[in-house]
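J.: One structure follows; several queries about it will come next.
In my numbering, the protein residues as written are 1333 to 1415.
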């Protein structure tokens, strides 16, 4: 796995992944994994199970499309302040 390379894993479910390296702790890499699951509400659409893990910890988030849009908007806003 190369840093920032998007790749797929899994045989039953295709999982989209990216590896990010912590810029403060040199030896810590984070793996962000997206798994598409049936919506927790009965809408017929997919929700996203987003897992962020390292050798130290792992967190899992369940997000719908509106939450993903809000997260993209937030990251775009934050990125605009970075120059």
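Positions of the beta carbon are idealized from the N, C-alpha and C atoms, including for glycine.
Compute the beta-carbon to beta-carbon distance between residue 1395 and residue 1407, rounded to the nearest angstrom, for a pair I have assumed lies under 8 Å.
T.: Contact doesn't hold; Cβ gap of about 13 Å is too wide.
J.: Which residues in the same chain as residue 1369 place their Cβ atom closer than 7 Å to its Cβ, once the five residues preceding and following it in sequence are excluded?
T.: Closer than 7 Å at the Cβ level, and outside the excluded window around residue 1369, lie 1378, 1379, 1381.
J.: Out of curiosity, what's the CA-to-CA distance linking residue 1371 and residue 1414?
T.: Taking the straight line from one Cα to the other gives about 35 Å.
J.: For residue 1386, I'd like the list of residues in its chain whose CB is within less than 6 Å of its CB, leaving aside the five on either flank, ordered along the chain.
T.: Counting only Cβ-Cβ distances below 6 Å, and skipping sequence neighbours, we find 1360, 1362.
J.: Mapping the DSSP letters down to three states, classify residue 1378 as helix, strand or coil.
T.: It is a strand residue.
J.: Could you give the residue range of the beta strand (DSSP E) that holds residue 1347?
T.: Per DSSP, residue 1347 belongs to the beta strand (DSSP E) from 1347–1353.
J.: Run through the DSSP bridge pairs and tell me what residue 1339 is partnered with.
T.: Looking at the DSSP assignment, residue 1339 forms a beta bridge with 1349.
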